[in-house]
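Protein chains in written order, with our numbering: chain X, 1341 to 1672; chain S, 1341 to 1672; chain Z, 1341 to 1672; chain A, 1341 to 1672.
There are 4 protein chains.
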Amino acid sequence: MIAILKNGTTPEQKNHLIQWLKKQNLDVHVSEGKQVTILGLVGDTSRVDMELLCSLEIVESVKRVSEPFKQANRKFHPKDTIVEAGSARIGGGYFAMIAGPCSVESEEQIVAVAKAVKESGATMLRGGAFKPRTSPYAFQGMGPEGLRLLELAKQETGLPIVTEIMNINTLELFDNVDVIQVGARNMQNFDLLKELGKTKKAILLKRGLANTLQELLMSAEYIMSEGNENIILCERGIRTFETYTRNTMDLSAIPVLHELSHLPVVADPSHATGKSRLVSSMACAAVAAGADGLMIEVHNDPEHALCDGAQSLTPAQFDDVSRRVRAIREAL
Amino acid sequence: MIAILKNGTTPEQKNHLIQWLKKQNLDVHVSEGKQVTILGLVGDTSRVDMELLCSLEIVESVKRVSEPFKQANRKFHPKDTIVEAGSARIGGGYFAMIAGPCSVESEEQIVAVAKAVKESGATMLRGGAFKPRTSPYAFQGMGPEGLRLLELAKQETGLPIVTEIMNINTLELFDNVDVIQVGARNMQNFDLLKELGKTKKAILLKRGLANTLQELLMSAEYIMSEGNENIILCERGIRTFETYTRNTMDLSAIPVLHELSHLPVVADPSHATGKSRLVSSMACAAVAAGADGLMIEVHNDPEHALCDGAQSLTPAQFDDVSRRVRAIREAL
Amino acid sequence: MIAILKNGTTPEQKNHLIQWLKKQNLDVHVSEGKQVTILGLVGDTSRVDMELLCSLEIVESVKRVSEPFKQANRKFHPKDTIVEAGSARIGGGYFAMIAGPCSVESEEQIVAVAKAVKESGATMLRGGAFKPRTSPYAFQGMGPEGLRLLELAKQETGLPIVTEIMNINTLELFDNVDVIQVGARNMQNFDLLKELGKTKKAILLKRGLANTLQELLMSAEYIMSEGNENIILCERGIRTFETYTRNTMDLSAIPVLHELSHLPVVADPSHATGKSRLVSSMACAAVAAGADGLMIEVHNDPEHALCDGAQSLTPAQFDDVSRRVRAIREAL
Amino acid sequence: MIAILKNGTTPEQKNHLIQWLKKQNLDVHVSEGKQVTILGLVGDTSRVDMELLCSLEIVESVKRVSEPFKQANRKFHPKDTIVEAGSARIGGGYFAMIAGPCSVESEEQIVAVAKAVKESGATMLRGGAFKPRTSPYAFQGMGPEGLRLLELAKQETGLPIVTEIMNINTLELFDNVDVIQVGARNMQNFDLLKELGKTKKAILLKRGLANTLQELLMSAEYIMSEGNENIILCERGIRTFETYTRNTMDLSAIPVLHELSHLPVVADPSHATGKSRLVSSMACAAVAAGADGLMIEVHNDPEHALCDGAQSLTPAQFDDVSRRVRAIREAL
């Protein structure tokens, strides 16, 4: 870490700062320039409060030289992590196709979708039992009963299940869940992350709507620092000024996360775009950008054909996407 | 709520959609135009899943005519809400000056700051005991001991205390806290909001970094829908492309929230700007824009004079801001 | 276009507004509801000032039902436009690989790069003669001499040339240029767009850093409304809060623009990411998302090998990208 | 400027880079650390292409120590600049109240508004003759005739006039204009800025929708580097994810620009919010934040009372704002 001191800093101020930094177990190398003084801080700078340092009167600016995340950092763990979840693997060349409905609605629905997506090549089943909704008046998911139906669908198809947790107090209900999802809104719910770090479950960690890639990796670090290294990162769109799509899918996140970290990265084109007719293009693009997996909403609702147009694909559309994705993976 | 159907929608599709909407207890008024069909939905549209409706194949777009929040809505509650917290009031003409350190660090510190800010006109004391930190390796706050020290400072000065909750399981520790703060990162931690709705505590709800004003009001609605109406809204900056300030303080939020809602609105210039030298200007601006209160970081650390330059003001600087704010309030 | 009037609008106000709208040659259909009155505006609403209408005291909100662009609109021109530029074509199945250096620096450089990229499959040569630079003290390009060197490279290789215009007064210098580029900063330089609309040149129109896709199409409409339909749209990244990449490449722009318009769409991964090591992934992703072409910076500078690491690729790296792109195109 | 080299850079690469930097007339100070090598660059770094340097393979990151703007920089010009325009002054304690209609529409209109706003304390008259419009089909302003009418209003009232230029080829028409406005969309139209730099006219430079404060100052630098120092900076809202207001007014821009530069700063609450009912609050807030002036839309249209609700205020509303602003200025 490098701190640049302002022109006009007195020797006493400099000394004061240096003593304070040394108390934090850092070596401080001083280079005096004509205009500025540069302090090079060596040691475990991941514990340094960069915002505080930055805001000191005498400090012009602060620059990290090394990333603040360690266990998630590829520099210290060059090999790709492979996360296992039931019969499925992801990362290090293993590709995960995660598909299923937005919410679990009934046994019939979840089992039918599970069978259909398995047929088309899905390797995991997704489905929401606890749903984060902007409005308190909207349907909040089936809750524990939804988890039970997911388990049924798993028994029927053998597909490992992925579902979201919203509250640490419900953790014991997730015993038979293979991958616990942390939603975008909870990406910085640090107490939840710490508790999940104490389990051995695979965790699918979604990027927050306004979070940088470094913050995503710091949230992974929260889980890892408690001992759980089974983390799958997920790009699902960020909030920008563009309103045509629900969010802006930041596909450069995929090569960047691969560069910075050894953890597998999946992409969720359904939530990122909010429009089923864009899912196929963006799924293909994510795979071409190097994604280790996809997460796609698929709905099977012959009685309510209306919903075919939602962000969810029909099983037939999913089958088509699945085939295109395979073609691209073979080409690369 | 108005739904515009696409050109080319068949009568069967239209009918199907109308039946589906009616099942949700809505009256549907149909206007057939040359190019489009417009459906006017009358009834309790706050329960309608707008995103789902929007994403249907035959729907061109959807527009809310009435806001999705009810209890927070000024239309149904024209009079300003006045929130009481210990000896302090806020809203409806009552102004709250909330001041104190970022984190509680020691008895000496918190008591000294409390006395100093009271002297300069503060009406509430703030201080963090549980701190949300991006890095798992950074100081996470003193925890329960921090709450105890805040209570001591309250006994010494009579100032009601404001402090942040991060985990619903710690709620019982907040018995003597006057205002429970929900931080920006937890603005959409819906389970936490619901639990706080079951208390009678005053809640200071901070706007999330990437949340719209409507989403902020929907989060207030989560608390109110459980029975707690003692809510203070807080603008603390949003995330934009500008990097000179830590966040971009959106002061238009103040008149907009006053227009849409009856709840009091405070502004936090310390977190929004991240630079102590901008706090005075932005505090004055917030008050001129109509804020019902301010939340300002004040640090008293004679031994570590370095820290005077942080986002926190010294007591002397706070005294100056406090005087300027009073002058503006009198002028208006 | 639909205008929703506020509750409490008087009959006189309504009437006044309706008369004003009729004077603009619009038919107005009125539906009176319990809570709101809805006006359906039929006719050429592309001339209606939506911002003005929106801001009227009695208007709750306004919604366009039809897009404000006409000539660029796929609805009125379902077939893909194929733009021809010298020997190259783009759109409707024709793919353009546009490559070359950021700036033209010397005859030797531009000819060498042109030959190298042609060898690897480029179909057009790019190179800047007039450079928009944030700082007045930075190199502003070679100017007319740069254009002359591009023409030389074209004679040597047969590659059509693409280069940026910054000032309408230099238009006559672009006689031998095959595609005139309008940069992101000039996307809403409307006088420049109109002048280019009076030519028959192919125009490559880059999306502005903070412009929506609809605004991009409205800028295309400026050119088309003057008679020039030879437009290539270009996604080159938008400005967001993420700082790891120079901009955030919005690849969903590709399927969205194809849905809304018949114009060809290219992607520029070099500028969008600002990092050469991300160019290959994002070029592949853009092609998988359906791009009609790519624009890639390639630098050939044996004496200054340092620059190999810039956002520009070396010829060898470009050759590799070119091969991967072909593989994906064949797979789809 | 400081460049941090990556771990693993070879001595040859280092040397190569150092030679390249020295050729740019920079002194290079090398500090070798265990993990990184730091190069301190001393000399005129405003000419260094930071993006290029940043993107070199061996460079971890680059940090400016001094700002890239010189003539606009308060460090080299500590005293506030006072810009004179006809009878009005702005900056260094002089406050400018600029008011008038969005577009000039008729002699009657512009003269009536000019008289009304002068009565209420305006010191300059604004009005658009050339209007930048997103759509080619929208009204583009009265053009030269609009300029003539502004001059008439100036003769009638003595108010100096402020109006926008969109095209350098119309510059000669602006002879009697006191302040030439450069709109947000042209903030980086560098050729236009250079030409305006060759005049002695006062220039009101609006911040672009997605431009940082540093970029705004670099655009001022373009004008100043050609010899014209009469520049007024203008904050008029930036584009963010929030859609309730047209733009997000970044009032922290005011104290930040005052800190970085000696140029006067005005705020435009009409365009920033797009809603007349928010103008008063935001005008007051801007003044409390330290603005040297305001730019407010005022419309006088007894026949089309409809328009009173637009972003423009009525003369009576303007009079009220003007009084509130004076009260705040006196209080501070």
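Built from N, CA and C at the ideal position, the CB exists for glycine as well.
Could you check the C-alpha separation between residue i and residue j for me, to the nearest Å?
i, j, result
"A1493(S)", "G1468(X)", "46 Å"
"A1623(X)", "L1653(X)", "12 Å"
"M1437(S)", "L1634(S)", "5 Å"
"E1372(X)", "I1430(A)", "41 Å"
"K1540(X)", "E1569(X)", "8 Å"
"G1486(X)", "T1385(S)", "26 Å"
"F1530(A)", "S1559(A)", "8 Å"
"A1425(Z)", "S1475(Z)", "33 Å"
"E1445(A)", "A1593(S)", "33 Å"
"V1605(Z)", "R1473(Z)", "25 Å"
"S1662(A)", "I1636(A)", "10 Å"
"F1435(Z)", "A1612(Z)", "20 Å"
"V1725(X)", "Q1554(S)", "Absent from the model: residue 1725(X). The displayed extent of chain X is 1341 to 1672, so no value can be given."
"K1354(Z)", "V1376(Z)", "12 Å"
"D1299(A)", "L1532(A)", "Missing from the structure shown is residue 1299(A); chain A here goes from 1341 to 1672 and no further."
"Y1562(S)", "F1470(X)", "16 Å"
"V1665(X)", "G1630(X)", "11 Å"
"L1381(A)", "N1365(A)", "10 Å"
Taking 7 Å as the CB-CB cut-off, is residue i touching chain S?
i, result
"R1666(Z)", "no"
"P1476(X)", "yes"
"M1341(A)", "no"
For a cutoff of 7 Å on Cβ pairs, would you count residue i as touching chain Z?
i, result
"E1400(X)", "no"
"R1525(S)", "no"
"Y1434(X)", "no"
DSSP has residue i in a bridge; who is on the other side?
i, result
"S1432(Z)", "Inspection of the sequence shows that residue 1432(Z) is occupied by Gly rather than by Ser. Partner(s): none; G1432(Z) has no beta bridge."
"M1635(X)", "I1438(X)"
"E1424(A)", "R1429(A)"
"E1503(A)", "First, the amino acid is wrong: residue 1503(A) is Thr here, not Glu. Partner(s): I1520(A)."
"L1573(S)", "L1545(S) and V1605(S)"
"M1304(A)", "Here chain A comprises residues numbered 1341 to 1672, so residue 1304(A) is not present and cannot be evaluated."
"T1377(S)", "L1345(S) and E1372(S)"
Apply the 10 Å Cβ neighbour rule to residue i and answer buried if 16 or more other Cβ atoms are within range, or exposed otherwise.
i, result
"D1515(Z)", "exposed"
"T1583(A)", "exposed"
"T1585(X)", "buried"
"P1609(X)", "buried"
"L1392(Z)", "buried"
"N1507(X)", "buried"
"G1432(S)", "exposed"
"Q1359(A)", "exposed"
"K1363(Z)", "exposed"
"K1615(A)", "buried"
"E1459(Z)", "exposed"
Give a yes or no on whether the minimum CB-CB distance between residue i and chain A is below 7 Å.
i, result
"E1561(Z)", "yes"
"A1412(S)", "no"
"I1422(X)", "no"
"G1630(S)", "yes"
Is residue i close to chain X? Criterion is C-beta to C-beta, closer than 7 Å.
i, result
"A1549(S)", "Strictly speaking, residue 1549(S) in this sequence is Leu, with Ala absent from that position. So yes, L1549(S) belongs to the interface."
"D1590(S)", "no"
"P1306(S)", "The first residue shown for chain S is 1341 and the last is 1672, placing residue 1306(S) beyond what the model contains."
Within the present structure, is the beta-carbon of residue i separated from the nearest heavy atom of the ligand MG by less than 6 Å?
i, result
"R1525(Z)", "With respect to the ligand MG, the structure shown offers nothing to examine, as it has no ligands at all."
For a contact meaning CB atoms closer than 9 Å, what does residue i contact in chain D?
i, result
"E1391(A)", "Structure shown: chain D not included; protein chains present are X, S, Z and A."
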